[in-house]
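Asks:
Residue numbers (the UniProt record's numbering): 1 to 73.
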């Protein structure tokens, strides 16, 4: 199989990042998001598709703890 990347685009600056993931569990995705937040700061809102990798308790709890609104398309 091919490599898996978490793609992040800042809607304001249009800055894009592709973060390689060793695994696609919600915990790995949350860790990758924290890495981005440490560089760019914590966003007010995250927009994502409704994939179960994002629409789960780990990601929702992370967003709640950091006052991030999460919007599913």
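We treat Cβ as the ideally placed atom computed from N, Cα and C, and that holds for glycine. The structure presented is a predicted model; accordingly, all values stated were derived computationally and were not measured.
Drop a sphere of 10 angstroms on the beta-carbon of residue 33, count the other beta-carbons inside from all chains shown, and report buried for 16 or more, exposed for fewer.
Replies: Start at 1 with the first residue of the chain shown, and residue 33 comes out as number 33. By the neighbour-count rule (16 or more Cβ atoms within 10 Å), residue 33 is buried.
Asks: Tell me, to the nearest whole angstrom, how far the beta carbon of residue 55 is from that of residue 72; I am working on the premise that it is less than 8 angstroms.
Replies: Taking the chain shown and counting its residues from 1, the one referred to as residue 55 is at position 55. Taking the chain shown and counting its residues from 1, the one referred to as residue 72 is at position 72. Correct: roughly 6 angstroms between the Cβ atoms.
Asks: Find the nearest neighbour of residue 23 within the set 53, 63, 57 and 65, judged by alpha-carbon distance.
Replies: Residue mapping note: residue 23 aligns to position 23 of the chain shown, counting from 1. Measuring from the Cα of residue 23, the nearest candidate turns out to be 53.
Asks: For my contact list, residue 60 and residue 46 are in at a C-beta cut-off of 8 angstroms; report their separation, rounded to the angstrom.
Replies: Along the chain shown, one-based indexing puts residue 60 at 60. Along the chain shown, one-based indexing puts residue 46 at 46. Actually they do not touch by this definition, with Cβ atoms about 11 angstroms apart.
Asks: Within 10 angstroms of the Cβ of residue 6, are there 16 or more other Cβ atoms? Answer buried if so, exposed if not.
Replies: On the chain shown, residue 6 is found 6 positions in, with the first residue counted as 1. Result: buried.
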